[in-house]
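Residue numbers (my numbering): 65 to 330. Don't be surprised by glycine CBs; every beta carbon is placed ideally from N, CA and C. Written below as structure tokens is the structure these notes are about.
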Amino acid sequence: MMFNNPFAVLAESVSPTLLQIFVIIMVVLVIIGTLVDIIHKKNVKYFFDNAKKAKLSATKELGTGKKVSVIAKTIATDIATTAELGAGKRRIAHVLGMYGTILFWIASVVMIFCYTSEDKITPSVWPIMWHVGAIMTCVGGYWFWLFLRVDVLAEAYPWYRIIKADLFVLALLACATFGLAWSYTQSLNLENRWDDKVFLTLYIMSNLVLFGGVYWSKFAHMFYKPGAAIQKNLAEADGSRDNLPPLADEPKQFGLGIKREQPKHY
Ligand code: HEM
């Protein structure tokens, strides 16, 4: 299973062009969903207005070299390792899910666009990347959803309580889970049995929900968060600090109570 390109097997009964059109539609859905989100919530306008306002209180003019170095550092730490989540399980789960999803998506696109025609043999690296990516997404995502989610960890709601905010993580998990189940059942060579067709249908539906639901879900955070991290670090470097007061130069004194339990009541 790990070495099979499931899309190449599917292309024996469905036109590869149809698979490629499906991917293009998903990309278009993400663009439309994000643009409608930006127009409706006016978050990007707020972001740029705020950045312009903060610039007025800058204490230093940053040269291009300094700006490039701040941006490069932000990409290497804040974005690539989701530093915002601090040290601990939450960050490990997110990094697993994030890189898993990136591998899963890249491998899907390469296998669909380059290795679905009859005369092409898929190099093993791509199916391995696709399966490993899906497994990493499942490990990080289920760990987050079952144990680390604020509702479950801090608010003591049961893990099976589902709200609209779970749309993104659940659709992502459905894609990875049904993708793996489809590939597994397909690799069993069940001929005309129903199993792999059911999982393929569920895989298609979860992709439609994930990419079609961008406006309603947290999908677009993967575009907003990097922008916000870059802006925050540039504001730190030019002294404007987003119009926030400077950090107090005093020892932290919270009393012993702070040590009694982990801070988890948000
Ligand atoms: C392919 C890229 C990414 C994927 C698949 C992804 C996936 C996820 C998922 C599934 C969640 C949980 C959503 C929920 O609260 O229900 C999440 C939350 C979060 N993501 Fe991402 N993410 C990506 C990129 C990023 C990037 C680039 C950043 C920051 C620079 C980021 C920062 C965060 C933060 C701060 C949270 C909140 C976590 C929490 O509440 O514990 N993500 N992400």
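Let me check understanding here. Comparing Cα to Cα, which of the options lies closest to residue i?
{"i": "I85", "options": "W169, F177, S247", "result": "F177"}
{"i": "N69", "options": "N297, D215, M200, G243", "result": "G243"}
{"i": "K131", "options": "E314, N307, Q295", "result": "Q295"}
{"i": "S251", "options": "P191, T180, V214, R225", "result": "P191"}
{"i": "Y179", "options": "L99, D260, A115, P80", "result": "P80"}
{"i": "F111", "options": "V189, I227, L93, G291", "result": "G291"}
{"i": "M162", "options": "K316, L217, Y206", "result": "Y206"}
{"i": "F211", "options": "K328, D183, N271", "result": "K328"}
{"i": "A284", "options": "I88, I102, F71, L237", "result": "I102"}
{"i": "F275", "options": "R225, I95, A115", "result": "I95"}
{"i": "L308", "options": "L93, V100, N114", "result": "N114"}
{"i": "E125", "options": "P310, A312, R324, G303", "result": "G303"}
{"i": "T98", "options": "G277, G127, A157", "result": "G277"}
{"i": "I185", "options": "T138, R213, V73", "result": "V73"}
{"i": "T66", "options": "T249, G129, G204, L82", "result": "Before going further, note that residue 66 is Met rather than Thr in the sequence given. Among T249, G129, G204, L82, the Cα nearest to that of M66 belongs to T249."}
{"i": "E325", "options": "I89, A218, G164, D259", "result": "A218"}
{"i": "G197", "options": "I227, V78, W223, L160", "result": "L160"}
{"i": "I268", "options": "E314, C239, G164", "result": "C239"}
{"i": "Y288", "options": "V78, K106, L83", "result": "K106"}
Quick one: what's got a C-beta closer than 7 Å to residue i's C-beta in the same chain, skipping five residues either side?
{"i": "A305", "result": "It should be noted that the sequence gives Arg, not Ala, for residue 305. Excluding sequence neighbours, R305 sits near A299."}
{"i": "W194", "result": "F168, A171, S172, M175"}
{"i": "V108", "result": "I102"}
{"i": "A301", "result": "L126, K130, V134"}
Check residue i in the structure and name its three-state DSSP category.
{"i": "Q84", "result": "helix"}
{"i": "A157", "result": "helix"}
{"i": "Q326", "result": "coil"}
{"i": "L244", "result": "helix"}
{"i": "R213", "result": "coil"}
{"i": "K106", "result": "coil"}
{"i": "V134", "result": "helix"}
{"i": "A151", "result": "coil"}
{"i": "S77", "result": "coil"}
{"i": "I170", "result": "helix"}
{"i": "P70", "result": "helix"}
{"i": "A140", "result": "helix"}
{"i": "Y163", "result": "helix"}
{"i": "M200", "result": "helix"}
{"i": "F318", "result": "coil"}
{"i": "D101", "result": "helix"}
{"i": "M90", "result": "helix"}
{"i": "K124", "result": "coil"}
{"i": "A312", "result": "coil"}
{"i": "K184", "result": "coil"}
{"i": "G205", "result": "helix"}
{"i": "M65", "result": "coil"}
Counting only the same chain and skipping the five closest in sequence on each side, list residues whose C-beta sits under 6 Å from that of residue i.
{"i": "W209", "result": "V233"}
{"i": "L264", "result": "W246"}
{"i": "D142", "result": "A293"}
Nearest chain D C-beta to residue i closer than 8 Å, yes or no?
{"i": "Y221", "result": "Although the question refers to chain D, the structure presented lacks it and comprises just one protein chain."}
Which same chain residues, not among the five before or five after residue i, have their C-beta less than 8 Å away from its C-beta?
{"i": "S181", "result": "A75, P80"}
{"i": "H104", "result": "Y279"}
{"i": "K282", "result": "A229, L231, F232, V233"}
{"i": "T145", "result": "R155, V159"}
{"i": "C202", "result": "G164, L237, A240, T241, L244"}
Can you tell me whether residue i sits near the ligand SAH, meaning its C-beta is under 7 Å from at least one heavy atom of the ligand?
{"i": "P290", "result": "With respect to small molecules bound, the structure shown includes the ligand HEM and not the ligand SAH."}
Entirely enclosed beta strand (DSSP E) segments - the region 216-299, minimum 3 residues: Here no run is fully enclosed.
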